[in-house]
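Asker: Input: one structure, supplied below.
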Amino acid sequence: MIEGRIAPRYRVNKRATIDYGGDKYPCTVRDISSTGAALELPDSMIIVRRVKEFTLLIPEDRLRLSCRVVWQRDFRMGVTFD
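Heads up, my numbering is the position in the sequence shown plus 148, with the first residue counted as 1.
Okay, here's the thing in structure tokens:
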């Protein structure tokens with residue numbers, strides 16, 4: 149299979165928070181690169197699936213990243229960093 153991504157992704161298991169309009173929702177970063185990430189959401193996070201842009205907070209790395217959703221499946225979503 150040919151990899152079409154601009155930057156290589158690295159598998160991780162980091163706690164993070166989706167910040168949308170001041171509301172905060174927990175998630176887990178499953179893989180990350182310099183251009184985007186795959187996030188896993190708890191099954192109760194249906195409302196977040198309607199969101200197209202948000203800020204991702206990763207406290208462990210002291211990161212605050214503006215994100216845009218590029219795909220969603222079940223309880224996972226892929227984002228690109230703006």
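From the three backbone atoms N, C-alpha and C, an ideal C-beta is built for every residue, glycine too. Bear in mind that the values here come from a model prediction, so they are computed numbers and not experimental data.
Name the residue from V160, P174, D167 whose alpha carbon lies nearest to the alpha carbon of A185.
Answerer: V160
Asker: Could you name the residues of the same chain whose beta carbon sits closer than 8 Å to that of Y158, not counting the 5 residues immediately before and after it, in chain order?
Answerer: D179, I180, S181
Asker: Can you round the beta-carbon distance between P174 and P156 to whole angstroms, since I take them to be within the 8 Å contact cut?
Answerer: At roughly 26 Å, the Cβ-Cβ gap does not stay under 8 Å, so P174 and P156 are not in contact.
Asker: Bridge partners for A186 per DSSP, in chain order?
Answerer: D179, G226
Asker: Measuring only the C-alpha atoms, how far is D230 from L187?
Answerer: 16 Å
Asker: Under three-state DSSP, which class holds D167?
Answerer: strand
Asker: Tell me the DSSP secondary structure of P174 in three-state form.
Answerer: strand
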